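Working notes for the structure below.
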Amino acid sequence: MEAEIIAANEGAKELAWMEKLVTDLKERPEVEPFIPTLYCDNESGVGWMNENKFHSKAKHIQIRWHYIREDMVDTKQMYMVWIPGTEQTADIFTKQLTYPAFCIHSLGLGLDFEEK
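Residues in the sequence shown are numbered from 1 upward in steps of one, following full-length UniProt numbering.
Shown next as structure tokens:
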């Protein structure tokens, strides 16, 4: 769980920066600002980040990794959502996938290619 929380914190920082950049670049101020969503395939990590409770099993997690929960999720600046590992599009960068899974995740990234 700790590795997922560390990775989610780093992702949340990047997500917050991108959200601010998109907001600054918008030419139409009447458009509602969006709340970004970070998807994670670790149920216990997502549960810990979405709950505002102390968990004895997570007491070893350093305070610096609490950014995502205290500064982003609790203040509704970001949503943290669990998705099944089979639907995690980011796996295309980190795991060896079957060809059908590779095709599905490629389309999820907006990549289009012709099959041979």
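Note that CB positions come from ideal geometry on N, CA and C, so glycine has one too.
The structure displayed is predicted, hence computed values, not measured ones.
Secondary structure note for M78: it is in no beta strand (DSSP E), with a DSSP letter that is neither H nor E. DSSP places T37 in the strand class (E or B) of the three-state scheme. Taking A90 as reference, the option from L109, C103 and M72 with the minimal CA-CA separation is L109. In the DSSP assignment, M49 falls within the unbroken alpha helix (DSSP H) covering E43 to N50. Taking C-beta separations shorter than 8 Å and ignoring five residues to either side along the sequence, the partners of V81 in its chain run T37, L38, Y39, C40 and V46, following chain order.
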